[in-house]
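Colleague: A single structure is presented below for examination.
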C-alpha cells in the first residue's frame, strides 16, 4: 500500500489536480473559505471527482505540520507521486511569477535551507538542474522542515534553456554575482522574476550567467567576501518580496 503525505497551498494543490489528479486522495479546506480561490479549487476537484472535506483551521494546522502558510487548504496525496512540472506551476499562477533558481547547489543542508526561505517568502517554485546538483534527498527534506512539501521543487535537464523559456513567458531572470555593477538595493526589476543563485564556492556557471537578463550583487560591508547560498537567497528574496507588497 502506498504511503501518503500532505501538501498545502492553492498553487500546489490546483497544479496537482490539473496534472496528477489520481495522486490526490482527499482535499481538506477551511470551512470558512468561501472566496473565489476556494470556489476555483472546488470546481477543479469536482471535475476530477476528488472529495473535498470542509474542516476547521486547527485540523488544517495539524495536517500542515504547524505551517501557517497552508492558506486554508491541505491535500492528502500518495507519497510516490511527487513530480510537478514547471508548466504545472506557471499555468496556475494568479499573480506575477516569483521563482528561485539554484545553479548546482551540492550541499543538501543548503538545499533544505533554500526551500525554507522559498516557502517563507511565498516563492512559487524552486528550480534546479538534474545533473551536478544534490537533488531532494532525505537530508534536504528534513532540513526544509516541511517546505519540501509546500514549495514545488522542479528539476530540469537544461537550465539555460529553462531560463530562456521563462524569459519567453515575460519572467525577468536575475542572477546574483559578486562582480555585478548593480547592487541589490539600487537595481530595478519588474514584478515577475526568477532569482538565480550559484553553487557554493563556484557561483553560477558561465552559460547560466550569460542567460540572465540582469546581474546584481549583494553589498558586502565587512571582511567576508561571500554569503552562504541559503543566506543569499533569503537576502534577495525578501528584498524582492518587500517590493512586491
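Residue numbers (my numbering): 14 to 258. For every residue, glycine included, the Cβ atom is placed at its ideal position computed from N, Cα and C.
1) In the DSSP assignment, what residue or residues form a beta bridge with residue 211?
2) Which of helix, strand or coil does DSSP assign to residue 76?
3) Taking only the alpha-carbon atoms, compute the straight-line gap between residue 242 and residue 122 and give it to the nearest angstrom.
4) Which ranges would you report for the beta strand (DSSP E) in the segment 187-238 if only whole runs of at least 3 residues count?
5) What residues are listed by DSSP as bridge partners for residue 17?
6) Assess, as a yes-or-no matter, whether the segment 185-193 is touched by the segment 211-222 under the definition of 3 or more beta carbon pairs within less than 8 Å.
7) Relative to the C-alpha of residue 153, which candidate in 174, 19, 127 and 142 has its C-alpha closest?
8) Using a threshold of 8 Å, state whether the C-beta atoms of residue 160 and residue 131 are closer than that.
9) Touch check for the segment 191-206 and the segment 221-236: three-plus C-beta pairs under 8 Å?
10) Per DSSP, what are the beta-bridge partners of residue 67 in this structure?
11) Out of 48, 76 and 44, which one is the CA nearest neighbour of residue 65?
12) Based on Cα-Cα distance, which residue from 183, 146, 155 and 254 lies nearest to residue 329?
13) Return yes when the Cβ of residue 209 is within less than 8 Å of the Cβ of residue 221, no when it is not.
14) Output needed for residue 94: all residues of its chain with C-beta closer than 7 Å, excluding positions within five of it in sequence on either side, in chain order.
15) State the Cα-Cα distance for the pair residue 115 and residue 103, rounded to the nearest angstrom.
16) Would residue 245 be called buried (16 or more neighbouring beta carbons within 10 Å of its own) or exposed?
17) What did DSSP end up calling residue 27 once you bin it into helix, strand or coil?
18) Go ahead and label residue 247 buried or exposed: buried means 16 or more other beta carbons lie within 10 angstroms of its beta carbon, across all protein chains shown.
19) In the DSSP assignment, the beta strand (DSSP E) including residue 142 goes from what residue to what residue?
20) Could you tell me whether the Cβ atoms of residue 113 and residue 136 are closer together than 8 Å?
21) Please report the distance separating the alpha-carbon of residue 4 from that of residue 89.
22) Determine the DSSP secondary structure at residue 37, reduced to helix, strand or coil.
Modeller: Checking against the coordinates, here is how it stands:
1) If you number the chain shown from 1, residue 211 lands on position 198. Bridge partners of residue 211: 116.
2) Along the chain shown, read from residue 1 onward, the residue named residue 76 stands at position 63. It is helical.
3) Here residue 242 is taken as the residue at index 229 of the chain shown, counted from 1. Here residue 122 is taken as the residue at index 109 of the chain shown, counted from 1. Those two C-alpha atoms are separated by around 10 Å.
4) 206-211 and 227-230
5) Within the chain shown, residue 17 is the residue found at index 4, counting from 1. Note: residue 17 sits in a beta bridge opposite 91.
6) yes
7) Position 140 of the chain shown, counted from the first residue, corresponds to residue 153. It is 127.
8) Here residue 160 refers to the residue found at position 147 when the chain shown is read from its first residue. Here residue 131 refers to the residue found at position 118 when the chain shown is read from its first residue. Closer than 8 Å, so yes.
9) yes
10) For the purposes of this step, residue 67 is identified with residue 54 of the chain shown, where counting begins at 1. The partner list for residue 67 (beta bridge, DSSP) reads 42.
11) Taking the chain shown and counting its residues from 1, the one referred to as residue 65 is at position 52. Per the Cα distances, 44.
12) Coverage of the chain is limited to positions 14 through 258, which leaves residue 329 absent and any answer about it impossible.
13) On the chain shown, position 208 is the one that residue 221 refers to. On the chain shown, position 196 is the one that residue 209 refers to. Their beta carbons are under 8 Å apart, which means residue 221 touches residue 209 by this criterion.
14) As a working mapping, residue 94 is identified with position 81 in the chain shown. Residue placement at residue 94 is flagged as unreliable, the pLDDT there being 47, under the threshold of 50; the coordinate-derived value follows with that caveat. Within the same chain, residue 94 has close Cβ partners 33 and 36.
15) Position 102 of the chain shown, counted from the start, is the residue given in the question as residue 115. Position 90 of the chain shown, counted from the start, is the residue given in the question as residue 103. Taking the straight line from one Cα to the other gives about 18 Å.
16) Position 232 of the chain shown, counting from 1, holds the residue named residue 245. Counting Cβ neighbours within 10 Å, residue 245 comes out buried, since at least 16 surround it.
17) Translated into the one-based positions of the chain shown, residue 27 becomes position 14. Residue 27: helix per DSSP, three-state reduction.
18) On the chain shown, residue 247 is found 234 positions in, with the first residue counted as 1. Its Cβ being crowded by 16 or more others within 10 Å, residue 247 is buried.
19) By one-based count along the chain shown, residue 142 stands at place 129. Taken as a continuous stretch (DSSP letters only), the beta strand (DSSP E) holding residue 142 covers 138-142.
20) One-based indexing of the chain shown puts residue 113 at position 100. One-based indexing of the chain shown puts residue 136 at position 123. Their beta carbons are under 8 Å apart, which means residue 113 touches residue 136 by this criterion.
21) Here the chain has residues from 14 to 258 only, and residue 4 is not among them.
22) On the chain shown, position 24 is the one that residue 37 refers to. Looking at residue 37 - three-state DSSP - the assignment turns out to be strand.
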